[in-house]
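Line by line, the protein sequences are chains B and R. The opening residue of the first sequence carries number 0 in numbering that gives the first Met the number 0; numbering runs sequentially from there. The opening residue of the second sequence carries number 0 in numbering that gives the first Met the number 0; numbering runs sequentially from there. Glycine included, each C-beta is placed from N, C-alpha and C at the ideal position. Values in this document were obtained by computation on a predicted structure and should not be read as measured data. Report on the following structure.
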Amino acid sequence: MSRLLTMKDVWIEGRSDESWNPIINGIDLHLDKGEVLGLIGESGAGKSTMGLAAMGFCRDGVRISKGSVEFEGIDLLKASAAKKRALLGKRIAYVAQSAAASFNPAHRIIDQHTEGPVQHGVMSKSESERDAMELYAKLRLPDPEQIGFRYPHQVSGGQLQRAMTAMAMSCRPDLIIFDEPTTALDVTTQIEVLASIRDIVEQFGTAAIYITHDLAVVAQMADRIKVLLKGDEVETADTRTMLSSPKEDYTKSLWAVRDFVRPAKPAVHTSATPVVSVQGVTAAYGKVDVLNEVSFDIHEGRTVAVVGESGSGKSTTARCITGLLPPRQGVIEFDGVALPADYRKRNKAQLRQAQMIYQMADTALNPRKTIGEIIGRPVEFYMGLKGREKRRRVEELLDEIELPADQYIDRLPSELSGGQKQRIGIARALAAEPKFIICDEVTSALDQLVAEGILKLLARLQDELHLSYMFITHDLATVKSIADEVVVMKDGEVVEQGPKAQMFQPPHHPYTDLLLSSVPEMDPDWLSTLLAERGIDNIGDAAVNKMSYNGTQSKGC
Amino acid sequence: MSTVLKIILQRLALGVLTLFVVSILIFAAVNMLPGDFAQAILGQGATPDAVEAIRRDLGLDQPPVARYFQWLAGALQGDLGNSFAQANFASFVGADSGGNTASVATQIAPRFWNTMFLAGVTALIAVPFSVVLGILAALYRNSVFDKFTNIFTLSSISSPEFFLAYILILFLAVLNPWLPSLSNIYQGMGFGERLEKTLLPALTLTLVVTAHMMRMTRAAIINLLASPYIEMARLKGLSPMRVIVRHALPNALAPIINVIALNLAYLITGVVVVEVVFVYPGIGQLFVDSVKIRDIPVVQACCLIFAGAYILLNLTADIMSIISNPRLRHPK
């Protein structure tokens with residue numbers, strides 16, 4: 000195989016606060032024709048920056064300060080803008096993380112697809128349109144003849160991601176950069192997209208750089224894996240070698256993250272009054288019912304994980320419990336007493352009992368308030384503490400979440416890392432001294448190591464304070480590590496519920512089965528084996544759709 | 000399409016309601032002007048009897064609410080009443096001057112069309128000019144061209160209108176006698192001549208409104224340049240011009256359209272100074288003159304036209320912004 004891309008001693012800097020700070024510190028990278036290289040690391044490792052640099056491209060406020068990027072003998076860093084443009088899109092293509100944001104909302108999908116080939120003079124518009132339809136069919140998009148004529152907002156996220164892969168293929172490039180193409184997708188959709196990408200890359204012999212933070216995903220896609228940490232290379236090896244015998248401690252720690260499992264607590268006595276009891280809740284946005292007869296209990300000191308794809312009604316259930324969305328039917332009981340449906344009609348004591356921690360700590364914390372003020376607010380509001388007492392309580396809470404009070408109390412949220420912000424979110428919930436906390440995808444936006452820290456903290460707090468958690472997530476690995484009981488939701492209904500041990504053991508409801516088997520595993524042969532088992536027409540999306548046509552055979556359990 | 004239609008109908012209904020509320024405000028405000036027509040016209044020699052007689056004659060002795068509804072009912076039927084200034088001499092002399100010349104409509108109509116002509120010519124020059132300038136400034140942002148464009152448009156918007164007008168007269172009429180410095184428009188004038196005479200005031204107004212529209216175009220486009228789909232367009236190897244015109248501009252239309260509408264409304268309602276400098280017989284001059292002599296029906300009619308222009312143009316802008324949004328044009 001011949002060499003396609005060579006990046007030598009690449010140094011990249013980003014501008015912040017009037018000075019240039021290092022992002023990538025002298026990394027070498029090479030890629031042969033038809034080879035797939037996995038680039039992994041936590042957020043801030045410089046994966047995306049490195050991927051874009053492979054195209055000779057920098058975002059605003061970023062510069063390549065040293066090194067060379069050679070694509071088939073052309074130095075992309077020295078080439079003129081016009082010469083580079085002639086390569087981009089035609090020989091080197093890019094697939095972005097969020098297809099929904101990366102498709103232009105103002106134009107139809109197929110017009111954006113054909114733009115590249117037409118502008119680069121590869122094909123005429125009608126040829127390219129026909130080619131697009133063929134690619135759509137190859138990527139198993141529904142209705143390939145017509146789907147391109149829709150606008151991006153009229154198509155689902157998983158379909159858009161595939162349409163974007165098709166767009167990247169439009170000029171039959173030699174190299175595609177995939178920048179976390181499945182991170183924003185549900186597990187069932189992810190499989191579909193992964194399989195499509197792998198198929199098409201193999202079919203056309205395209206080389207690829209596959210960027211992700213998910214080891215199991217990269218194991219399915221890449222021939223070779225490069226691990227990055229804070230702009231430095233940790234190690235590079237064949238996928239199989241890397242998985243079976245990682246050399247560096249950091250790599251080993253990444254591999255080990257998924258091992259955190261908390262034993263489920265013994266089942267509760269059936270006569271015990273649950274802390275929270277959701278009974279036959281039906282709720283609607285406008286006229287559309289989004290929840291249908293949802294019922295489950297959460298007992299003291301227990302964690303109930305609510306799992307399902309996006310749109311299955313997990314967060315809506317949380318909104319009903321907190322009273323943000325009064326249900327159309329059904330009751331929410333707290334300690335055996337029915338709560339008013341609307342949060343405006345609940346008194347302070349009732350409000351205090353149920354607190355929330357949000358997915359995006361970034362947007363859930365007021366950027367203009369210091370940490371002390373953010374945590375102090377519920378302390379004052381619910382507990383009536385003021386002045387020195389309030390400060391002492393805030394310090395106690397910071398202590399709880401393992402952040403030294405004297406260092407953090409006067410900082411602003413922007414001065415904290417993602418994991419630290421999430422800890423502040425936890426402290427704010429604890430400030431109300433609740434019995435029950437709803438954790439809405441609290442670890443989804445975090446790297447695995449940081450997420451593990453948050454899960455451990457939550458587990459410790461639960462033991463100390465006898466908290467009950469409702470843990471909303473789409474990540475089954477998280478469920479495995481923290482839940483006592485599991486509730487599986489689909490299309491606003493509970494399809495299965497029970498203790499964790501039972502849920503991870505067959506027989507399952509077919510949907511639970513689909514969810515479980517869709518979680519990528521470290522085994523590099525996992526995807527191939529799974530696809531072979533399921534058959535080509537029965538992966539991800541397709542299987543979900545098929546199931547809803549057949550009707551769900553066994554509701555609940 | 001039905002959602003778009005529904006929104007448009009809602010906006011239309013709101014526009015009509017706004018116009019109604021504005022008509023009350025206009026009536027109230029005009030009636031709060033100190034002094035009245037009778038006193039203004041009789042001046043020093045105003046005897047109580049004479050003032051009373053004129054008031055009675057014009058219906059000014061009736062309570063304001065009754066007069067408002069009379070006016071509103073007339074306005075709804077297209078009758079804006081009779082100009083005091085024209086009517087009162089006729090009735091005082093006791094002669095019948097042929098009725099029609101006194102109506103507000105006949106007085107305003109030619110002036111209104113003159114104003115629309117000036118606004119139209121200005122819009123045809125200014126809108127494409129500022130949008131293209133804005134696009135180029137966004138394309139070559141932070142370059143010498145961008146900075147020069149910004150300085151030029153900002154200084155022109157910061158200078159008083161009459162000053163701009165005199166500078167243009169100096170360069171385009173006095174030093175180089177290309178254009179006439181006076182815009183004495185009259186009815187029955189040929190289109191070419193009319194255009195020639197309108198050009199200087201139109202250019203002056205172009206200088207006044209360009210900065211706002213150009214800067215909004217530039218800002219709206221630059222605002223989008225950090226979005227992922229623009230990055231995607233760049234990574235597809237498209238030329239910078241194509242990235243801006245095809246990928247950024249369609250998504251920046253809503254704010255640009257709104258600023259254009261505001262400036263067009265200004266061209267109809269706010270050009271008194273320019274009209275005075277060029278002796279252009281537009282509606283602005285008529286308005287100021289009528290306020291001076293408290294010719295209430297004309298003042299009210301002018302106000303109503305101004306309000307209508309504002310509401311109509313903003314409504315159009317709203318509707319066009321809605322239509323420029325593909326999510327509304329093509330619902331799921």
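If we call anything under 8 Å between Cβ atoms a contact, is residue i one with residue j?
i                            : j                         : result
leucine 327 of chain R       : threonine 2 of chain R    : yes
glutamine 278 of chain B     : valine 217 of chain B     : no
serine 129 of chain R        : methionine 213 of chain R : yes
phenylalanine 111 of chain R : proline 296 of chain R    : no
aspartate 231 of chain B     : lysine 32 of chain B      : no
leucine 223 of chain R       : asparagine 262 of chain R : no
leucine 204 of chain R       : valine 270 of chain R     : yes
alanine 428 of chain B       : lysine 229 of chain B     : no
serine 155 of chain R        : alanine 210 of chain R    : yes
methionine 355 of chain B    : isoleucine 471 of chain B : no
lysine 46 of chain B         : leucine 253 of chain B    : no
arginine 223 of chain B      : leucine 3 of chain B      : no
valine 244 of chain R        : alanine 232 of chain R    : no
threonine 403 of chain R     : isoleucine 282 of chain R : In this structure chain R extends from 0 to 331, so residue 403 of chain R is not present and cannot be described.
threonine 598 of chain B     : leucine 513 of chain B    : Coverage of chain B is limited to positions 0 through 556, which leaves residue 598 of chain B absent and any answer about it impossible.
Going along the chain, which residues of its own chain have a beta-carbon closer than 7 Å to the beta-carbon of residue i, five neighbours each way excluded?
i                           : result
aspartate 446 of chain B    : Glu41, Ser42, His212
arginine 66 of chain R      : Gly58
phenylalanine 91 of chain R : Interpretation of phenylalanine 91 of chain R is limited by its pLDDT of 47, a score under 50 that renders its predicted location unreliable; no figure is taken from the coordinates.
Using a C-beta cutoff of 8 Å, does residue i count as contacting chain B?
i                         : result
proline 249 of chain R    : yes
alanine 172 of chain R    : no
arginine 140 of chain R   : no
leucine 163 of chain R    : no
isoleucine 321 of chain R : no
arginine 326 of chain R   : yes
glycine 133 of chain R    : no
tyrosine 228 of chain R   : yes
threonine 17 of chain R   : no
leucine 367 of chain R    : The requested residue 367 of chain R is not part of the displayed model; chain R covers only 0 to 331.
alanine 225 of chain R    : yes
methionine 231 of chain R : yes
leucine 123 of chain R    : no
histidine 329 of chain R  : yes
Given residue i, which residues of its chain have a CB within under 8 Å of its CB, disregarding the five upstream and five downstream residues?
i                            : result
aspartate 78 of chain R      : Ser102, Ala104
isoleucine 176 of chain B    : Gly50, Leu51, Ala53, Met54, Ile91, Ala92, Tyr93, Val94, Ala207, Ile208, Ile210
isoleucine 371 of chain R    : Given a span of 0 to 331 for chain R in the structure shown, any question on residue 371 of chain R remains unanswerable.
glutamate 401 of chain B     : Arg422, Leu456
methionine 168 of chain B    : Ala92, Leu134, Ile175, Ile199, Phe203, Thr205
phenylalanine 144 of chain R : Leu135, Ala136
leucine 11 of chain R        : Leu314
Kindly list the residues whose CB is nearer than 6 Å to the CB of residue i, restricted to its own chain and excluding five residues on each side of it in sequence; keep chain order.
i                         : result
methionine 166 of chain B : His112
glycine 25 of chain B     : Asp8, Trp10
lysine 89 of chain B      : His119, Cys170
Any beta carbon of chain R sitting closer than 8 Å to that of residue i?
i                           : result
glutamine 552 of chain B    : Because glutamine 552 of chain B sits at a pLDDT of 40, beneath the cut-off of 50, its placement in the model cannot be relied upon, and the point is left open.
glutamate 399 of chain B    : no
phenylalanine 70 of chain B : no
histidine 112 of chain B    : no
lysine 89 of chain B        : yes
arginine 14 of chain B      : no
histidine 152 of chain B    : yes
alanine 85 of chain B       : yes
proline 245 of chain B      : no
histidine 119 of chain B    : yes
(Q) Ignoring anything shorter than 3 residues, give me the beta strand (DSSP E) runs that lie fully in the region 433 to 459 of chain B, in order along the chain. (A) Complete beta strand (DSSP E) runs here, min 3: 435 to 439.
Q) With a cut-off of 8 Å, do at least 3 Cβ pairs link the region 236 to 243 of chain B to the region 457 to 468 of chain B? A) No, the region 236 to 243 of chain B does not touch the region 457 to 468 of chain B.
Q.
Runs of 4 residues minimum, wholly inside the region 95 to 144 of chain R: which ones carry the alpha helix (DSSP H) assignment?
A. Fully enclosed alpha helix (DSSP H) runs of 4 or longer: 103 to 138.
Q.
So within the region 342 to 404 of chain B, which uninterrupted beta strand (DSSP E) runs reach at least 3 residues, ignoring any that extend past its ends?
A. Given a length threshold of 3 residues, each whole run of the beta strand (DSSP E) inside the region 342 to 404 of chain B is given here in chain order: 353 to 356.
Q) Taking one C-beta from the region 182 to 199 of chain B and one from the region 135 to 148 of chain B each time, how about it: are there three or more such pairs within less than 8 Å? A) For the pair of segments examined, the region 182 to 199 of chain B was found to touch the region 135 to 148 of chain B: the number of CB pairs separated by less than 8 Å reaches three.
Q.
Whether or not the region 430 to 448 of chain B and the region 351 to 363 of chain B are in contact is what I'm after, with contact meaning three or more pairs of Cβ atoms, one per stretch, closer than 8 Å; do they touch?
A. The answer is yes - the region 430 to 448 of chain B touches the region 351 to 363 of chain B, with three or more Cβ pairs under 8 Å.
Q.
Measuring CB atoms only, is the region 60 to 71 of chain B touching the region 94 to 110 of chain B, in the sense that at least three cross pairs come out at less than 8 Å?
A. Counting Cβ pairs under 8 Å, fewer than three are found: no touch.
(Q) Pairs of beta-carbons, one from the region 162 to 177 of chain R and one from the region 192 to 203 of chain R, closer than 8 Å: are there three or more? (A) At 8 Å Cβ cutoff, the stretches touch.
Q: List in chain order: all unbroken beta strand (DSSP E) runs of 3+ residues lying wholly within the region 54 to 93 of chain B.
A: Correct list: 61 to 70.
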